[in-house]
Structures are given as structure tokens and as C-alpha cells.
Amino acid sequence: MMDLEKQSYRSLKHPTHALQPRKPPASYIRFVAGFLFVISGLSYFATLRSHFHNEFVNLIQEGWSSSLVATMPTEVKEQLFLSVPNAGNATASAKQYSKHPHLAGSLEDYHDALSVLEFIQTELGITPPPPSHEQPIYNAGTPKSRARTIALTSRLGPRSPQAWIDVYYPYLNTPLDRSLDIVHEDGNSVWTADLREDGDAGDEDAAKYRDYIPPWHGLSAHGEGQGKLVYVNYGTHEDYDEVLASGQNLTGKVVIARYGGIFRGLKIQRAEELGAAAVLIYSDPRDDGFVTVENGFTPYPDGPARNPTSVQRGSAMYLSLYPGDPTTPGKPAYDKAEREEARNTPRIPSLPISWANAERLLKEIGDVYVNSGDDGRRMLSGKASERKIRVVNHVDNKVTPIWNTMAAIPGHIRNEVVIVGCHRDAWVMGAADPVSGTIALLEIVRGLGTLLRNGWKPLRTILIASWDAEEYGLVGSTEYGEDFAEWISEHAVAYLNVDVSSAGSHWDAVGSPSLAHLIKKTAMDVAHPSGEEGKTLWDARNDEGPYKPFGPVGPDGKLGLVNLRNSGLQGVNSTIASERVLEIGNLHADADVIEAYDARRTERMNHKEGRSGTEIGPMGSGSDFTVFLQHLGVASSDQGFGGTPYDAPYHYHSIYDSMRWQEVYADPGFKKHVAIAQHLGLLVLRLTDSIIVPMNTTQYALELDGYLDRVEYLLPSIAVEDDVPLTRAFSTLRQHISRLQEASVLLDIEKVEAEEHFKELLSKMPSFPTSTVRCGSRNTFAYRLKKWIMRVFGVQHEHQELSAIHSWEDLLANHDLDEEEIKAIAGWLQNRLHRASALRGPFVSKPPTIPDIPDIPDIPDIPDIPDIPDIPNIPDIPNIPTPSLPSIPLPTSTQASLPKLPSPPPVLDFIRAAKRVSRANHKLFSFERGFIDESGIKGREWYKHLGVAPGKWLGYGATTFPALTEAITISKNLTEVLSESGRLVDVLAGMIEDLKV
């Protein structure tokens, strides 16, 4: 379309000759001067009227800031937030982030980091830098990077939302070439595996990116291995022991294990310890429950069963030793960091393979199980293949940049921070892991942005994190935690994690016991994704998937019958000699798998540690909460929808973790994504805006009884001649748990009384006195010049910290003030209140009505100025009446018509009440820190939490009282058991002291 302005300009007729400039006559100059004088006078009157009106309102409403009792009601705020996450936005965002690979450290990963940054800037109202300037991206460890985090809790830090990217430099690897062969005695290959996934065209994205990121183990060892093949089931420590008990020596062997049970890196670690040459790990359809090809289900993408060529990528890190950058344990991975040789990565090569390849390899072994009884229970045979297997895994190891996208919303209580995060990187597309979690996080950001635009400000500061390189071993979050360990330990209230928000039907949550009641209560306040009336997210714990069969009930009252099956039955498990089978109607599944699933589910559903159960289990590892909980002692949580034996199998870390699989099988309609965003967002709001932090230390203390019960159950595994010292030690430990419970109950009483007293005084306080009346002087050039000089030369005003207090809520950040500091602040505030009261009169409930000021008459029309030189006579300018401003009645103490409010409580009393609340809050969120022992757990000192940690040979799973438990189960040493018991007593004694009110 032609530009209309330009078109109009071109249509004008221009003179064919140039006009000569002429000097305007004197009469014209007089006219213009008079005209400008009139306009200036009228402008003055208009400005005076507006200024007088504003100054009067300022005098009456001197600095009346909103208080806690006057802010947006909690119900309104939460309903407004809940209305924001929606399936349409979730679906659109999922398509944006799951339609391409985004491996940590890749160009696509960098672009996604920028995309998330720009999204946050838009939603939180953060003005991005102009195109000519760079985005706020900082190398970790630089002053700019460190200031972004540390300044958040400074009194003089930013008061509006912030967003930036921190760049760390960990040691990572990428695949070069891989191969897997069965070799003859002469060394020639007789079979070569196709290690690729088939990339079926039925899933467009999977087909497009089939070879973009080949299947391999992140941080796996560069090298080659060859040997006979031995099957080790899940590759747990117990499985390896069973193989050794069969008489098999694993030195020089190639080990093949199935995924599941424990973290993959531990399968490789134990094989390396036993001298194996290489490790292969595959996805076994037995672990898919009832939805298998053997049961007649079509494989994906044409049906719900597992695609037989799918491969689970993943990290080979020895996670139980320490997570994060392998070369900088305990320290942040800066660009120029001093590095050491990695101690948590393998020395032998490994490969992930598909079931199609594993099935062929298992035939080389034959019977991998032997019967151990008439009940069909099986033992590993330990049998090795006749022919050898050659494994090649070549990788490129290098220091690689990664990008944590961070954002913050400063609160009134600046020094208390609620952190929420999800990782952003994926092995390929990662529609479930982690895009489904990222979508929940972005929907939370949209909800918080909506609240901000409606006048809300959080009581506490909120820190939002989009972590990078989680898949390699929790790298991005760990490096940030190690970088800001002191700051996090001092200020973090809680860390709320989400990873895979949608990969099945069953909702589950784990968390610190102090958060358990909050997690449960909040889940009951969120609607069930199905929309079924009367059901909530909490009810989704019982959801089991759409493919659950119907059939007879066995003699034990459970669904289905357990029968024996022999090798004559053909199917996906025809390589297995014999097995126990659970049959329901015409469908069957591995009985061991279903029983293990039911046992885990029953344990969680009936989780009743100590005297009171919450059905929220303890946390091990496996996602970004690890550094916060296990290393720094910050109460944490994690949640999401996972698979069941009756769901379409989740193609974990495969090219088939795609948008199509998510839309068809995981979450049609994206309602689960919305439910997770709503629940996690409400957790953030409730931890942020509650006067007393909603943490339950008594629940935690009660659960410690259950932790000790578990340990005592293990005692028979350690042989002792004299059990008196052991009995005495455990009795002392039990007594300290009881004392901790008593101290926590007293804190419960204190926090209730402190909150009630604070609210009572707050309701009587006048509005907070700001410096509105005097703000005009702050806009002068001299004032700004003075502030600039003071800032440049580092000169601080004596009341600089006091001037950072802008509301009564800000006073809740002062748990560590001494009495002299309290009195100083009280005197300063009392003085400001006095000045404000003098300006607005005593106890005026609202400003009087301002009388109308007469309108300024319209400016008379001034005739057009004719063309020069023919200048007409200029008409006289009419007189403009001067408006008379009526007197405005200011309030006086003699005006009986003005209501008098009761006298406010002394400021000093209010500040003391605020400090009392702050001290209670500090005790609540510092409770988890009490379990931190700087000497750590034996053999893996990075893990410092003596209450809970990932099991040494579990990786993902939680072990409670880990140091004491492992002294019994692994070391089996009485002296060590007594030492660890004493260490726990010391920790509990310190926690008891910290809880005293």
C-alpha cells in the first residue's frame, strides 16, 4: 500500500520558482508576542490549579501506603492467579519449545535461554535493553553476575522485577561415533547393531531429528571394550551380588542391564568396580506393564506400546558421589576456574540401546534366570555368552558454556526468598522432560505478571530459575547453588521444583516434611485435570491410566491371578527362561514389576512416618532440588504426573518424547500442564505472602521417629557381641527426637501468638509515612547532582538504610535487629508520623471534599493570519477574567464534624511485634539447615544433610538418616554406627537450641 502521507505530499502543487525571504513587519511581531503571552498566562493558571489540587491531596493523604490488611484479599489474589494458566497458552508454548532439539550447550539451547528471558521480561513488565545494547547476559563470577543475585536481598537493591542470564562453564561431552558388534573368535563381526532410532514418519518431529543427537550416555567414557556378555537385571548392588554368588567373575565382561530401579550411572559404577570392560543398558518392555506389543497393542507412533527401536539417553554420572560439573566439585564452574580430574564419571565405555538390539544380544546368553523354587521366583544365572561383544563409544570432551535464565520479583521482606525452578535443556525434543515442566513455570510467570499489573507486590522476594544442563547431572542448578551457597543459606525460605509435569496419569509429590501439609492442602484447592466435579488434584494420586484391564480377583483379594509361564510361550519376553506372570482377563504382565509398582504406591499412599502421616514422601535426588536440599539445607519439593502399568509407556529421553506423543497419550488437551502450574503457583504465593511462613516443623520432628524405626529395623544386619552401647546410643537418639518435638510444639504456639499480635497492631497503625510532600525537592538538579556525587564517591547518607523502608511490611525483614537498632528505627518513624500528622491534621479518616475551582474561560478565536504582505488590523485581545480561588477548609482539631480515630499503638511496639514474627519465620525456614553437617556423609562428602539423602546405591531414591543407615548396611561397623549416632545427637541438640523461643 502506498504511504498516504507521502501520497498527499506528492499531490501538492509546488511553485516553479523560488520565493525570496521577506522581513516580517513590526505589527506582526507584536501580534505573535501578545499571543504567546496569553497562552503562557492561561498555562500558568491551569498548572497552578493542578498543582494546588495535588498538593492538597498530598497534605491530606500523606504517604498512605497500602498495608497487609488493605492489600488484595487472599481469595481474590489466588482466584485471579488460578484464572491465568490455560490450555491454549500451554499448548502454544509447548509447540514452541518441543519442536526442536535443545541439548545443553548447543546453539538451540542458547536461543531457548534468550526466548525464556524475553518472555519473562514481557510478562513481568521488565523493559528490555534497546536493540543497540546487549541483553543482560553475564559470565558467572563477574561482579555483574554476582550483583544480580546478591543485590536482591540488599535494602538498597532493585524494587522492580529483574531478569538476566548467568553463564557457567562445565565439563561436558557430545557423541562422535559408536558401534556394537557380536564378534567371532577370529575377531570379525557376525552382527552389527543399528544404534539409531527408526524415526517413524508417523511422528513428524521424530523423523525430522532422527539423527540430530545420536543415542549415547552423557559424560560416558571415551573408549572401547570387548568381552563376553553377562545379564545383571536392573544392575542394582543386590543384582551384582546375585551374579557373583552364581560363581561368575565379571572381570573383562560386557555387562547388559535393563533400565529402572536405580540411576543409570550406578549400574555402570558397580560394573566398573567389578572389573567389567563395558556396559549396555536397554529399555525392557516388561517394565511397561500391560501396554505391550505382546498384549496386542500397536507400537508407537501407530499405537500406545513402546516403539522397539526407542533408546533412553541419559547421564552416566556417578550421581551419588556428587552432582554438577565433574571438574569443580563444591565450587562454581567459572570460565577460568581451576579444575581437577573428575571423580564422578565412568572409566569404562557404555551405550544405551533399544529393546530390538537387546533382544538379539540376550539370545547370545540363553537362560539369564534359573528357578529357585516352585513359586517361580527367579535367580540370575550369571551365565555368559559364548561369543564376545565389542562396544565402541567415542566422545568429544570439552568445557562448554551453559545458560541459566534467572528472574526475580523483589518483595517487602527482601531478605526472605522463595525459589521456584525447572530445567530447560533436553536430550532431544523433550516434550515431557522438561518442556512440560517449563510450560508450567512459564504459566506461573504469566500468573505473577497478571498479579503485578493489578497492583500486587509479594511479601517476600521470588526468584525464578530456568536451569541448564540438568540432564548431564543437575549441572546448572548445582553450579548456581555452589556459587551463591552463603546467600542461599542465609535467605532461601524454600525451593520448589518441577521437572516432568506430564508423562502419565498418576500425580505424585515429594517434599521436605515441613512442607508436606502445605503441599497436600494446596493440592486439595486445585481442580482435578479431568474437570470432574468434586475431584481435586489430590485425588489424582489414585489415577492409574486408561488401559487398566478388568478381570477376576485372585484368592488374595487382588486383581488378577499370578501364574507361571515357561519359555515355550512366544512374545517379547521369549528370551526369558521362566517368569511369574500376572494375568487379568486376556492380558498379562510381569508379576514382579506390577508387585513392585503396587508396593511403591502403597508405601506412598500409606506414608505415616512417626505419629502423623501426610502421604508426601521424602526426597532423594534426580532433579534440580538436590543442591538446595542435600547440600545447603533448604526445604524443597517436587511434583508431576508420571506413568503407571496402565498408561502408554513414556519414551523417556528418546526422539519419541515428542509433541505428538504428549498430545495423543500423555496429556490430550494439556489440562495436566495447567493443573501443575496452578498447584505450584499457589505454593509460591502461599509461601511468599503468608505473614508466618506455612511450614510445619512439628510434622518434620514427628517423622524422625519413623526414620529411627527404619534404622533400628536394620540393626540385626550388623553382628555385635555386646549390644549395650548400641542400645544406649539409640535411646539417647530417641530422647533427642522427643525433645525436638517438644521444642517444635512451643514454636508452634509462639508463631500463632506472634502473628495474632502483629495483625492486631497492624490493624491500628496509620498509613505508612512516605516523603511525598518533600519529593519535589528531590527532582531538582542540585539534589540529583548531590546524589550522583555521593554514589560515585561511595559516600553513604547516615539514614540510607532507613530510607529504604517504604512500608510497614518492610519491617518484617528485621529478625536480627538489636534493641538499639529497633529504637533508632522507631524514633525515625515516629518523627515522620508526627510530621505527616501535622500536615494532614489529627486523625482524619479521609480528605475533605475539595471545592470546585471555576473553569478558566475558553480562549477566544483568533482570526487567521492572512498572507504576507497584506496584514489586516489585529483585533484587540479581550480581557480574561481572573478566577478567584476560594479558600479551602483545612482540618482542625476544633471541627467536631471530623471523626477521631483511636490513637495508634507506639511504633516501638509495632516494630518489636514485627521482629517477633520475623524471628519465628527465621526459625521455621532455618529448621532444615539444622541437618547440615559440613563434614558430610562418609565417602561422598558433598552430601551434607544427615536427615535425608539419595541412597549411595539408589541415586534417585531417598535414604533417611543416610550416614547412620549406611554405617549399618554398607560399612557394617559398630564403631562407625556409634559415631554416626553421636553425630546425629549433636545435630539434633543444635536444632533444639535453635528452636527455643
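Numbering (the working numbering), first residue to last: 431 to 1427. Yeah, the Cβ is synthetic: ideal placement off N, Cα and C, and Gly gets one too.
| query | result |
| --- | --- |
| For G702 and A636, what's the separation of their Cα atoms in angstroms? | The sequence as given places Glu at residue 702; Gly does not occur at that position. Computed Cα separation, rounded: 34 Å. |
| Which partner residues of G1070 appear in the DSSP bridge assignment? | D938 |
| Excluding the 5 residues flanking K813 on each side, which residues of the same chain have their C-beta closer than 6 Å to its C-beta? | I795 |
| Name the two residues that bound the continuous beta strand (DSSP E) containing A895. | R890 to W897 |
| For a test of the three-state rule: what should DSSP assign to G1136, helix, strand or coil? | helix |
| Starting from the Cα of Y752, find the closest Cα among T728, L696, P731 and S713 and give me that residue. | L696 |
| Pull up the distance between the alpha-carbon of S1120 and that of G1047, whole angstroms please. | 24 Å |
| Tell me H1428's beta-bridge partners as DSSP assigns them. | With the chain covering 431 to 1427 only, the question about residue 1428 has no answer from this structure. |
| From V660 to Y1027, what does the alpha carbon distance come to, in whole angstroms? | 26 Å |
| Check the DSSP bridge columns for H530 and list the partner residues they point to. | The partner list for H530 (beta bridge, DSSP) is empty, contrary to what the question assumes. |
| By how many angstroms is the C-alpha of V514 removed from the C-alpha of A862? | 21 Å |
| Use the C-beta contact count for M1125: other C-beta atoms within 10 angstroms, 16 or more gives buried, fewer gives exposed. | buried |
| What are the boundary residues of the beta strand (DSSP E) that includes Q565? | Counting along the chain, Q565 falls outside any beta strand (DSSP E), and DSSP gives it neither H nor E. |
| Which same chain residues, not among the five before or five after P605, have their C-beta less than 7 Å away from its C-beta? | P644, W646 and V825 |
| For I580, which residues of its own chain have a beta-carbon under 7 Å away from its beta-carbon, when the five flanking residues on both sides are left out? | W917 |
| Are the Cβ atoms of L649 and A788 separated by less than 8 Å? | no |
| Grouping DSSP H, G and I as helix and E and B as strand, with all else coil, what is Q383? | Lying before the first or after the last residue shown, residue 383 is absent from the chain, which here runs from 431 to 1427. |
| What did DSSP end up calling A1379 once you bin it into helix, strand or coil? | strand |
| Within 10 angstroms of its Cβ, does E884 collect 16 or more other Cβ (buried), or is it exposed? | According to the sequence provided, residue 884 is Asn. The question's Glu does not apply to it. Exposed is the call here. |
| Whose CA, out of D898, D1363, V1114 and G691, lies closest to the CA of S536? | D898 |
| At what residues does the beta strand (DSSP E) containing I819 begin and finish? | A814 to V829 |
| If we ignore side chains and look at the alpha-carbon of each, how far apart do G1412 and D1363 end up? | 12 Å |
| Is the distance from the Cβ of L1259 to the Cβ of V1337 below 8 Å? | yes |
| To the nearest angstrom, how far is the alpha carbon of E1183 from that of W1238? | 19 Å |
| Could you give the distance in angstroms between the alpha-carbon of A786 and the alpha-carbon of I686? | 14 Å |
| Report the three-state DSSP secondary structure of V1011 (helix, strand or coil). | strand |
| For L1110, which option in A915, P943 and L948 has the closest C-alpha, if you only look at C-alpha atoms? | L948 |
| Can you check whether the C-beta of I1121 is within less than 8 Å of a C-beta belonging to chain D? | Reference to chain D is not applicable here, since this structure consists of a single protein chain. |
| Apply the 10 Å Cβ neighbour rule to Q509 and answer buried if 16 or more other Cβ atoms are within range, or exposed otherwise. | exposed |
| What number of angstroms, rounded off, separates the C-alpha of P591 from the C-alpha of G1050? | 33 Å |
| Is P943 helix, strand or coil when you go by DSSP? | helix |
| Could you compute how far the alpha carbon of R626 sits from the alpha carbon of N823? | 14 Å |
| State buried or exposed for I1179, treating a residue as buried only when at least 16 other CB atoms are found within 10 Å of its CB. | exposed |
| Among R736, D607, V905 and H1264, which one has its Cα closest to the Cα of F1198? | H1264 |
| Under DSSP, the beta strand (DSSP E) around V684 begins and ends at which residues? | V684 to R688 |
| Can you grab the Cα-Cα spacing for the pair T891 / A870, in whole Å? | 20 Å |
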